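**Q** Please see the structure below; I have some questions.
2 protein chains.
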Amino acid sequence: MVKRADLSHAPCPVARSLDLIGDWWSLLIIRDALEGVCRFTAFQQSLGIARGMLADRLRMLVDHGIFQSVPASDGSAYREYRLTSKGEDLHLVVVALRQWGEAHLYGPEEPRSALVDRQRLEPVAPLTLQAADGRALQWPETRVLKAEPFPSPPPAR
Amino acid sequence: MVKRADLSHAPCPVARSLDLIGDWWSLLIIRDALEGVCRFTAFQQSLGIARGMLADRLRMLVDHGIFQSVPASDGSAYREYRLTSKGEDLHLVVVALRQWGEAHLYGPEEPRSALVDRQRLEPVAPLTLQAADGRALQWPETRVLKAEPFPSPPPAR
DNA sequence: CAAGCTGGTTCTAAATCAAGACCATGATCC
DNA sequence: GGATCATGGTCTTGATTTAGAACCAGCTTG
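Which chain is which? The protein sequence lines are A and B, in order.
In terms of our numbering, the first sequence opens at residue 82 and continues consecutively.
In terms of our numbering, the second sequence opens at residue 82 and continues consecutively.
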């Protein structure tokens with residue numbers, strides 16, 4: 082056996098994405114970062130994650146260009162973690178998870194945090210799937226076209 | 082320490098969602114199911130997952146109402162796993178992961194599977210965040226409103 | 001009814017994870 | 001300018017999870 086499968090060269094983008102952020106903590110760290118958390122200790126306190134885990138995860142996310150480690154903006158000699166634009170683009174994944182959770186994991190009266198339009202403080206609209214021309218699509222109206230088999234699969238690194 | 086944190090009563094819908102499907106395999110199983118896979122052996126072969134893991138994951142996903150186990154549609158005595166509507170609603174999460182992976186994890190020439198509109202075989206449009214009135218929103222134009230503190234937090238069960 | 005498929009369960013070893021001790025800087029206080 | 005605290009980690013130690021393979025019982029096919 083050895084280690085968990087390596088999906089970083091999978092032909093399916095879903096698998097590659099999960100290879101990076103499919104673990105227990107990464108998306109929670111990214112969620113916090115999207116809400117403005119940027120210091121090691123702040124992540125650690127917000128999430129209750131073990132410090133060693135957090136250090137590992139941040140290192141990995143920096144290596145993969147999702148975070149960058151920059152000098153702290155408050156002028157101190159410490160550093161902070163900022164999402165790159167690649168990392169920020171994960172906000173749609175977080176929103177999709179949020180909306181699914183809101184729809185299916187809460188009782189009708191149960192309080193929950195909400196993502197709102199900053200101007201009007203109204204909840205954002207549910208995400209929808211659209212065709213290239215803007216038509217709304219249901220899931221059964223789509224299909225996955227498999228990739229062509231690759232000339233040379235994982236050519237080392 | 083003991084076991085991984087229980088997020089099933091978290092006030093944040095993202096955390097609750099990840100509590101169910103934030104592990105290494107669940108979303109890959111769901112991705113396959115969305116593409117029509119429904120038999121135990123088919124999942125196992127498609128994913129290369131250990132059989133014990135797969136059995137555990139499917140049991141858990143059935144327990145949480147994401148799959149249901151139904152008699153096989155081919156008339157045999159075997160069973161198959163079908164997504165419930167709750168499970169099907171995860172397609173937006175899978176699409177978000179797919180689009181992020183397409184945008185950030187592939188070289189320009191590297192082949193990949195694509196999600197297309199079944200009628201025209203054109204790729205679907207990128208997901209976008211919209212306000213309640215349909216205006217496009219960028220991430221910085223939104224914020225997360227925290228939930229009211231709950232009267233009685235996790236009341237056993 | 002024998003052989004193979006299906007859908008699991010159980011076992012073991014390895015890897016991962018949580019928790020806390022420890023430590024090296026940098027900042028603060030006096 | 002030395003003591004003390006905060007920051008941002010690393011290291012060690014067990015518990016839990018995971019991968020992989022072996023095993024097994026109920027269908028199904030020939």
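Quick reminder that beta carbons are idealized off the backbone N, C-alpha and C, glycines included.
As the structure is a prediction and not an experimental result, all values here were calculated from the model.
In the DSSP assignment, the alpha helix (DSSP H) including L142(A) goes from what residue to what residue?
**A** R132 to D144 is the extent of the alpha helix (DSSP H) around L142(A).
**Q** Please list the terminal residues of the continuous alpha helix (DSSP H) segment that includes A177(B).
**A** Run containing A177(B): H172 to H185, per the alpha helix (DSSP H) assignment.
**Q** Tell me the rounded alpha-carbon separation between R201(B) and S150(A).
**A** Taking the straight line from one Cα to the other gives about 44 angstroms.
**Q** Is there a Cβ from chain B that is less than 8 angstroms from the Cβ of C93(A)?
**A** Chain B, which has a Cβ nearer than 8 angstroms to the Cβ of C93(A), makes this yes.
**Q** Here's a check: name, in chain order, each residue in its chain whose Cβ is nearer than 8 angstroms to the Cβ of E203(A), leaving out the five neighbours to either side.
**A** The residues are V197.
**Q** The beta strand (DSSP E) spanning Q149(B) covers which residue range?
**A** Where Q149(B) is concerned, the enclosing beta strand (DSSP E) stretches over F148 to P152.
**Q** Taking C-alpha atoms, which residue in R85(A), L210(A) and L101(A) lies nearest to P147(A)?
**A** Checking the displayed sequence, the identity of residue 147(A) turns out to be Ile instead of Pro. Ranking R85(A), L210(A) and L101(A) by Cα distance to I147(A) puts L101(A) first.
**Q** Find the nearest neighbour of P221(B) within the set R140(A), L164(A) and D104(A), judged by alpha-carbon distance.
**A** Nearest of R140(A), L164(A) and D104(A) to P221(B), Cα basis: L164(A).
**Q** Determine the direct distance from the alpha carbon of R140(A) to that of G133(A), and round the result to whole angstroms.
**A** So the two alpha carbons sit approximately 11 angstroms from each other.
**Q** Since E23(B) is in the alpha helix (DSSP H), which residue starts that stretch and which ends it?
**A** The first residue shown for chain B is 82 and the last is 238, placing residue 23(B) beyond what the model contains.
**Q** Which residues, in chain order, does the segment 106-126 of chain A contribute to contact with chain B at a C-beta distance below 8 angstroms?
**A** Listed by position, the residues of the segment 106-126 of chain A near chain B (Cβ gap below 8 angstroms) are L108, L109, R112, L115 and E116.
**Q** Cα separation between R193(B) and L99(A)?
**A** Whole-angstrom Cα-Cα distance: 15 angstroms.
**Q** Looking at the structure shown, is D113(B) part of a helix, part of a strand, or coil, going by DSSP?
**A** If DSSP states are grouped into helix, strand and coil, D113(B) belongs with the helices.
**Q** Cβ of E169(B) less than 8 angstroms from any chain A Cβ?
**A** Output row for E169(B): interface = yes.
**Q** By the criterion of Cβ-Cβ separation under 7 angstroms, what are the contact partners of D104(B) in chain A?
**A** Those within 7 angstroms of D104(B) in chain A are W105.
**Q** Quick one, which of V143(B), S127(B), T122(B) and S154(B) has its alpha-carbon nearest S166(B)'s?
**A** S166(B) has its Cα closest to that of V143(B), out of V143(B), S127(B), T122(B) and S154(B).
**Q** Taking C-alpha atoms, which residue in S89(B), A86(B) and V95(B) lies nearest to K227(B)?
**A** Out of S89(B), A86(B) and V95(B), V95(B) has the C-alpha closest to the C-alpha of K227(B).
**Q** Listing by chain order, which chain B residues have their CB less than 9 angstroms from the CB of A184(A)?
**A** P94, K167 and D170, listed in chain order.
**Q** Could you spell out the range, first to last residue, of the beta strand (DSSP E) harbouring V95(A)?
**A** It is not in any beta strand (DSSP E) - V95(A) instead sits in the alpha helix (DSSP H) that spans P94 to I102.
**Q** Give the DSSP bridge partners of T223(B), in chain order.
**A** Paired residue(s): D198(A).
**Q** Kindly list the residues whose CB is nearer than 7 angstroms to the CB of A195(B), restricted to its own chain and excluding five residues on each side of it in sequence; keep chain order.
**A** Within the same chain, A195(B) has close Cβ partners P204.
**Q** Is A217(B) helix, strand or coil when you go by DSSP?
**A** It is a strand residue.
**Q** Opposite R160(A) in the DSSP bridges: which residues?
**A** The partner list for R160(A) (beta bridge, DSSP) reads P152(A).
**Q** From the DSSP secondary-structure annotation, give me the bridge partner or partners of P204(A).
**A** V197(A), per the DSSP bridge assignment.
**Q** Using a Cβ-Cβ cutoff of less than 8 angstroms, which residues in the same chain neighbour L135(B) once the five nearest sequence positions on both sides are dropped?
**A** Closer than 8 angstroms at the Cβ level, and outside the excluded window around L135(B), lie W106, I110, F121, F124, Q125 and L128.
**Q** Enumerate in chain order the residues of its own chain whose CB-to-CB distance from A171(B) is below 6 angstroms, with the five nearest sequence positions on each side excluded.
**A** Contrary to the premise, residue 171(B) reads as Leu rather than Ala in this sequence. These residues qualify, in order along the chain: I111.
**Q** Taking 7 angstroms as the cut-off, is the beta-carbon of G188(A) closer than that to any non-hydrogen atom of the ligand HEM?
**A** This structure does not include the ligand HEM; it has no bound ligands of any sort.
**Q** Give, in chain order, every residue of the segment 131-142 of chain A whose Cβ lies closer than 9 angstroms to some Cβ of chain B.
**A** Under the 9 angstroms Cβ criterion, the segment 131-142 of chain A contributes A131.
**Q** Among residues of its own chain, excluding the 5 on either side of A240(B), which ones have a beta-carbon nearer than 6 angstroms to its beta-carbon?
**A** Lying outside 82 to 238, the shown extent of chain B, residue 240(B) is not represented and no answer is given.
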